[in-house]
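Its first residue numbered 11, the sequence shown is counted upward by one per residue in this note's numbering. Note that the Cβ used here is the ideal one computed from N, Cα and C, for glycine as well.
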Amino acid sequence: MILFQVTREFIYHDTNVDDMLVVGSNMKETVNLKASLAKKFSMKDFKPCEKILGMRISKEKRGC
11 MILFQVTREF IYHDTNVDDM LVVGSNMKET VNLKASLAKK FSMKDFKPCE KILGMRISKE
71 KRGC
């Protein structure tokens, strides 16, 4: 797990075998990180994540 945090914004990056999860509070920075990773690794961007490693993920509209 890697957590990047500057002020109140964050990007969370987790890799498990061949699965990767990237989420963040700033969509622009999250997209930039994913683009940088895609330049170095073969990646596919699937639908929004609902479950990873048996844990259910939910999205809240309020900030961090």
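Cβ neighbour criterion (16 or more within 10 Å) applied to residue i
i: Gly-34; result: buried
i: Ile-62; result: exposed
Cross-strand partners of residue i (DSSP beta bridge)
i: Met-30; result: Thr-25
i: Met-65; result: Ile-62
Cβ separation of residue i and residue j, assumed to be a contact under 8 Å, to the nearest whole Å
i: Glu-39; j: Ile-21; result: 6 Å
i: Asn-36; j: Glu-19; result: 5 Å
Straight-line gap, residue i to residue j (C-alpha atoms, nearest Å)
i: Met-65; j: Asp-29; result: 14 Å
i: Lys-50; j: Cys-59; result: 22 Å
i: Leu-47; j: Val-27; result: 16 Å
Residues near residue i in its chain [Cβ-Cβ closer than 8 Å; skip 5 each side]
i: Phe-56; result: none
i: Lys-44; result: Val-32, Met-53, Asp-55
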